[in-house]
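Engineer: I'd like to ask some things about the structure below.
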Amino acid sequence: MDQYIAKAIPANYGFVLGVGLSFGLLNFWQTTRVGAARKASGIKYPQTFVSDEQLQSSPEARKFACANRAHLNTLEQAPMLTYALLVAGLAAPRVASAFGLISLAGRVVYTLGYLSGDPKLRLRGSFHYIGLFGLYITSFVAVYQIISQGI
2 MDQYIAKAIP ANYGFVLGVG LSFGLLNFWQ TTRVGAARKA SGIKYPQTFV
52 SDEQLQSSPE ARKFACANRA HLNTLEQAPM LTYALLVAGL AAPRVASAFG
102 LISLAGRVVY TLGYLSGDPK LRLRGSFHYI GLFGLYITSF VAVYQIISQG
152 I
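Below, the structure written as structure tokens:
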């Protein structure tokens, strides 16, 4: 690694990057679950969502809707989480990585709950917010430190 890059990256920042890449694996796994549920339900592309009629009449369509929603919700939160993870990691890489792993584990449980076809079971993964809010707080600390040091 170039010596200038090595000086610019905090020690242990590799943990942060590893957690960030793990969210990519989560996304890939969720994508495969949506695809499998789509196939089982017979819902053809480019239809993104199920109709109310399909939702009420087909358990497979309901499972597709739940899988799709779990994936979309993760994608909705991904930019905020990724940015907070990378910023928090500048000040506290191990703390940021721990909060990121909590969020990641929560997202897996959230997705598994949704994949059951019972949307209420997604709430078991709500602890992902502990990781997300921890990242926000740590990010604000990092920004404060960067500003106060005149960087």
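For the sequence shown, counting from 1, position 9 maps to 10 in my numbering; every step adds exactly one.
The C-beta atom is built at its ideal place from N, Cα and C for all residues, glycine as well.
#1: Measure the CB-CB distance between residue 56 and residue 66 and report whether it falls below 7 angstroms.
#2: Output the distance between the C-alpha atoms of residue 41 and residue 6, rounded to the nearest integer angstrom.
#3: Report yes if the CB atom of residue 145 is closer than 7 angstroms to the CB atom of residue 94, and no otherwise.
#4: Would you kindly report the start and end of the unbroken alpha helix (DSSP H) that includes residue 108?
#5: Could you spell out the range, first to last residue, of the alpha helix (DSSP H) harbouring residue 151?
#6: Give the DSSP-derived three-state secondary structure of residue 53 in the structure shown.
#7: Near residue 51, what residues of its chain come up, given a Cβ to Cβ distance below 7 angstroms and the 5 sequence neighbours on each side ignored?
#8: Shortest alpha-carbon distance to residue 33 belongs to which of 68, 17, 22, 60?
#9: Would you call residue 75 buried or exposed, if buried means 16 or more other Cβ atoms sit within 10 Å of its Cβ?
#10: Determine the DSSP secondary structure at residue 60, reduced to helix, strand or coil.
#11: Between residue 16 and residue 98, is the Cβ-Cβ spacing less than 7 angstroms?
#12: What is the DSSP secondary structure of residue 6, reduced to helix, strand or coil?
#13: Considering just the uninterrupted stretch of the alpha helix (DSSP H) at residue 42, what are its terminal residues?
Structural biologist: So, to answer that:
#1: Here residue 56 refers to the residue found at position 55 when the sequence shown is read from its first residue. Here residue 66 refers to the residue found at position 65 when the sequence shown is read from its first residue. Closer than 7 angstroms, so yes.
#2: Position 40 of the sequence shown, counted from the first residue, corresponds to residue 41. Position 5 of the sequence shown, counted from the first residue, corresponds to residue 6. So the alpha carbons of these two residues sit roughly 48 angstroms apart.
#3: Numbered from 1 along the sequence shown, position 144 holds the residue referred to as residue 145. Numbered from 1 along the sequence shown, position 93 holds the residue referred to as residue 94. Contact: no.
#4: Numbered from 1 along the sequence shown, position 107 holds the residue referred to as residue 108. Element bounds for residue 108: 94-116.
#5: What you label residue 151 is simply residue 150 of the sequence shown in a count that begins at 1. Counting along the chain, residue 151 falls outside any alpha helix (DSSP H), and DSSP gives it neither H nor E.
#6: Taking the sequence shown and counting its residues from 1, the one referred to as residue 53 is at position 52. Three-state result, residue 53: helix.
#7: As a first step, residue 51 is located in the sequence shown; it is residue number 50 there, counting from the start. Answer for residue 51: 44, 62, 65, 66, listed in chain order.
#8: As a working mapping, residue 33 is identified with position 32 in the sequence shown. Among 68, 17, 22, 60, the Cα nearest to that of residue 33 belongs to 68.
#9: The sequence position of residue 75 within the sequence shown is 74, counting from 1. Buried, since its Cβ has 16 or more Cβ neighbours within 10 Å.
#10: Here residue 60 is taken as the residue at index 59 of the sequence shown, counted from 1. Three-state result, residue 60: helix.
#11: Position 15 of the sequence shown, counting from 1, holds the residue named residue 16. Position 97 of the sequence shown, counting from 1, holds the residue named residue 98. It is a contact, given that the beta carbons lie within the stated cut-off.
#12: Stepping through the sequence shown from its first residue, residue 6 is reached at position 5. Note: residue 6 maps to helix in three-state DSSP.
#13: Sequence index remark: in the sequence shown, residue 42 carries index 41 (1-based). Run containing residue 42: 14-42, per the alpha helix (DSSP H) assignment.
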